[in-house]
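In order, the protein sequences belong to chains B and L. The first sequence stops at residue 418 when you use our numbering, and every number in between is there. The second sequence stops at residue 1382 when you use our numbering, and every number in between is there. Below is one structure, written out as structure tokens, with a few remarks after it.
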Amino acid sequence: MFIRLVYESFRRQARRKLLAGAAVTLGVGVATAMIAVATDIGDKISRELRAYGANIVVTPQEDSLDLEIGGVNLKPPSDGAYLNESDLPKIKRTFWRNNILGFAPMLPVNAQLPGSEKTPLLGTYFAKRITFGKEEFVTGVRTTHPWWKVEGAWPDDESSDVLLGTRLAAQLGRKPGDEISLSGSAHRVAGILSTGGVEDEQIVGPLAVAQAILGRPGAVRRVYVSAMTKPEDALARRDPRSMSGEVYDRWYCSPYPQSIAFQLQEAIPHSHAEQIRQVAQNEGTVLSRIEGLMLLVTLAALCAAALAVSAAMATAIFERRAEVGLMKALGAGRVMIALFFFAEAALLGLLGGAAGFAGGALLAREIGRSIFGAQISIAPVLLPMILAVAVLVTFAGSAAAIRRAVRFDPVFALRGEG
Amino acid sequence: MSESRAPEAARRRDPARRTSMFLRMMLRAAVLRRGRAASALLAMVVAAAAATAMLNLYVDVQAKLRREFRNYGANVVVVGRDGKALPASAVQAISSTVGARGLAVPFAYVVARTGSGQPVVVAGTDFSLARRLNGWWAVSNWPTGPQQALVGSRAAPAVSPNGGPFDLSFQGKTAHLTAVGTLQTGAAEDSRVYLALNDFEAWTGVQPSTVEIAVSGSSKEISAMTQALAASLPEAEVRPVRQIMEGEAQVLGKMRNTLLASAVLIIATAALCVLATLIGWVYDRRRDFAIMKALGAPERVLNGFFAAEAGVLGAVGAVLGFVLGVGIAAWIGRVNFHAPVAPRFGVFPVIAAGSILVALLSAVLPISLLRRVEPANILRGE
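Spelled out as structure tokens, the structure:
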């Protein structure tokens, strides 16, 4: 009988149920989409912040002091220590390899131009294919220095083509496709590089070209690593040597800039890895601000959705006083009537919640695709939680209205004086 | 028949009394059905508050985030051409051009030699400005007195292995310095020694060659500033720092779009829920509608009555919601950015118009449905 009451109520008052159900669906849908976006925004913005370039630098452990003023290196290229190029693929063997989006080795040398001028030449990877085990990985300055722009084409890492900085190219009067002689061998100019920095006055070529000019195959001066990191907290700043086993494990297994640098140092022999504080530190602040903002906006959205659903449910029940009167006149107890309405609310909450969850997940995916060009997916684990919340909210919205409906004198209700 | 007599009677009546009757009907409707009226109003207030908060945030958050991005340091650099020093008046000129919109910090560089003959880069700067510009510098102790130096973490073992006083020489002149703190940045600064600018100039006689500038504002404002600087300093090069500018533009753009999408979602949901609630409310009062019609109220008065009711509800909801929404936005600003989001009163007309429009729409829809129905049918409860 009870089930039939509920069933008939849904069948005969389809319009009203549809209105209340639509409110629940919308509320849950927006809540789901906002939760999905808020939980994923840290990851997405972290990727966008990689536009600032590398946040960790690896240098030889026993290096001499850098003599650098305004980005121009005054140290003789043969001075100091080097890293070994063959050690670099090991970067992708560290625990946080999936957080490392790319790395670029650098080797500054001086190249001899035909007019007996010495010009700085920077050897690096552009978009080099590195095979590591079965995995293939493409890395280089195009990932770690995304603000570098090339007019013409990027050189192939296996070729001997070079890029000319835009000021240098203007000074020498070269265009993409021209030939240029560097330290006695001919190279093709693949493109003109514009960075807004000192590279505009330099030549940038594949690493092997710089190594050949220096006469030291396999040598790398430093490696820039672009990694996705977690904002620094008190644990991150502690010295790993002073930690106990469990704390150390937690530190080691969190993607702090410090712990990723520590692992890089372990992976590459005789190296020293350090966070580039300008990028790494500020990334943490910006990230935590944005995450906080989205969290609060989501909270506000959840409250708004809950109140809207409550209001819609309250309206739906107020409409049905006459029904309550009839039930009471026929001898239904208060508990029975309350149970009936709560069962209806639960059913609405469940159906609306499920539809809303599906809609919200679609919405979140669309937002992710159109804004970040990447998937935002919501964990299916959240479904039962969101359903429970939806039912709870519909209950809360109905409770006051149900109480008043139950207390209402059936005589008035039946006479239509509601 | 009764329909033609009633308006005549109404016309004969005193207009003031008619107005008071109109008001009384509205007031009684609100008081007698306060539960229903309250839930409709609640929905209205929530929607208006959500819309206000989101619009306020959308306008204000960009400025707040821009301020956060200024922590990345200089976004414009002025350097002397070919590494030459800037003219003596340049630093002053740049500071006055930038004004309160940003921060301009001079830097001067030489390569000096340590006691053991090792070359090291020595920089002179204004410590109090550098500290504000480069918040990411990890400094153990900032120098305050004369002849005090800030030593980079990699330079420290070379210049002052035991942390005590040390000598540096440049072109035959020797400076006696004390290392009071170490500096760590993970970049070129680690290999340098920093001195106060007046100590540096007295020792080397070299003027600043670089001025690093952090300007906040949109990219248009910043490029206007760079052009102004370039025009006033023909002997210097003014370069925007592309790494900083492009990173900021990219992240800000994405964030703006995310907030916009959230705002649209939230406002649309809130408006639809209000619509659903109000339609239910008006539809539920079909009995009132039928009685009024049976008593001979002309359609114009009936429509006017329901429209006025909806309008009042929308207006009251908009005012309450605006106040609440401004409060929510200010709270979010305080909690997250440690600075309140200033209320934008320009948003209010939009909110008010939107609220009243939604309320009117939800009154008009059911009324136009009811108009075709005979009052007798409604009163019989069909």
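Quick reminder that beta carbons are idealized off the backbone N, C-alpha and C, glycines included.
Asked	Found
Residues sharing a beta bridge with residue 73 of chain B, DSSP	B:68
N- and C-terminal bounds of the alpha helix (DSSP H) containing residue 1116 of chain L	Where residue 1116 of chain L is concerned, there is no enclosing alpha helix (DSSP H), given that its DSSP letter is neither H nor E.
Contacts that residue 147 of chain B makes with chain L (C-beta to C-beta distance below 7 angstroms)	1242, 1243, 1246
Short-range partners of chain B found in the segment 1151 to 1178 of chain L, where Cβ spacing is below 8 angstroms	1154, 1155, 1158
Top-ranked residue by Cα proximity to residue 1193 of chain L, from L:1158, L:1136, L:1207	L:1158
Reduced DSSP category for residue 368 of chain B - H, G, I as helix; E, B as strand; rest coil	helix
Chain-ordered chain L contacts of residue 439 of chain B [CB-CB under 7 angstroms]	Outside the displayed span of chain B (1 to 418) sits residue 439 of chain B, for which this structure offers no information.
Anticipated Cβ contact below 8 angstroms, residue 99 of chain B with residue 227 of chain B, distance rounded	5 angstroms
Straight-line gap, residue 1082 of chain L to residue 1235 of chain L (C-alpha atoms, nearest Å)	10 angstroms
Minimum Cβ-Cβ distance from residue 1003 of chain L to chain B less than 7 angstroms	In this prediction, residue 1003 of chain L scores a pLDDT of 46, lower than 50, which makes its location untrustworthy; the coordinate-derived value is nonetheless stated afterwards. So no, residue 1003 of chain L is outside the interface.
Where the segment 1054 to 1076 of chain L meets chain B: residues whose CB sits under 9 angstroms from a CB there	1054, 1057, 1061, 1064, 1065, 1068, 1069, 1071, 1072, 1073
Residue 1127 of chain L vs residue 1137 of chain L beta-carbon contact at 7 angstroms	no
The segment 1280 to 1293 of chain L: positions lying closer than 9 angstroms to chain B by Cβ	1280, 1281, 1283, 1284, 1287
Residue 1293 of chain L versus residue 1313 of chain L - alpha carbon distance	23 angstroms
Whole-angstrom distance between residue 61 of chain B and residue 92 of chain B, CA atom to CA atom	20 angstroms
Chain L contact for residue 184 of chain B (CB, 7 angstroms cutoff)	no
Spatially closest choice to residue 1216 of chain L from L:1186, L:1133, L:1277, L:1190, by CA coordinates	L:1133
Cβ contact check for the segment 1311 to 1329 of chain L and the segment 1359 to 1378 of chain L: 3 or more pairs under 8 angstroms	yes
Length of the line joining the Cα atoms of residue 449 of chain B and residue 351 of chain B	Shown here, chain B extends from 1 to 418; a query on residue 449 of chain B therefore has no answer.
Where residue 1002 of chain L sits in the DSSP three-state scheme	Any reading at residue 1002 of chain L needs caution, since the residue's pLDDT is 44, under 50, leaving its predicted position unreliable; the model's value is listed next. In the structure shown, residue 1002 of chain L sits in a helix (DSSP, three-state: H, G or I).
Interface residues of chain L facing residue 48 of chain B [CB-CB closer than 7 angstroms]	1250, 1251, 1254
Per-residue contacts from residue 274 of chain B into chain L (C-beta, under 7 angstroms)	1186
Partners in chain L for residue 171 of chain B, counting only beta-carbon separations shorter than 8 angstroms	What residue 171 of chain B touches in chain L: nothing, since even the nearest Cβ is about 12 angstroms away.
Neighbour list for residue 282 of chain B in chain L, Cβ cutoff strictly below 7 angstroms	1071, 1072, 1136
Members of the segment 1258 to 1277 of chain L that neighbour chain B once the beta carbon cut-off is set at 7 angstroms	1258, 1261, 1262, 1265, 1266, 1269, 1270, 1272, 1273, 1276, 1277
For residue 268 of chain B, the three-state DSSP class (helix, strand or coil)	coil
Unbroken stretches of the beta strand (DSSP E), 3 residues or longer, contained in the segment 1159 to 1199 of chain L	1165 to 1170, 1173 to 1184, 1192 to 1196
Meets three-Cβ-pair contact criterion under 8 angstroms: the segment 1246 to 1253 of chain L and the segment 1058 to 1075 of chain L	yes
Helix, strand or coil at residue 1299 of chain L according to DSSP, with G and I counted as helix	helix
Beta bridge counterpart(s) of residue 135 of chain B as assigned by DSSP	B:132
Buried versus exposed, by CB contacts within 10 Å (16 or more), residue 375 of chain B	exposed
From L:1130, L:1093, L:1169, residue whose alpha carbon lies closest to that of residue 1119 of chain L	L:1169
Interface residues of chain B facing residue 1210 of chain L [CB-CB closer than 9 angstroms]	69, 70
Residue 169 of chain B versus residue 1239 of chain L: straight-line alpha-carbon distance, rounded	18 angstroms
Candidates B:266, B:146, B:260, B:344: closest to residue 276 of chain B by CA position	B:260
Inter-stretch contact at 8 angstroms, needing at least 3 Cβ pairs: the segment 14 to 33 of chain B / the segment 310 to 319 of chain B	yes
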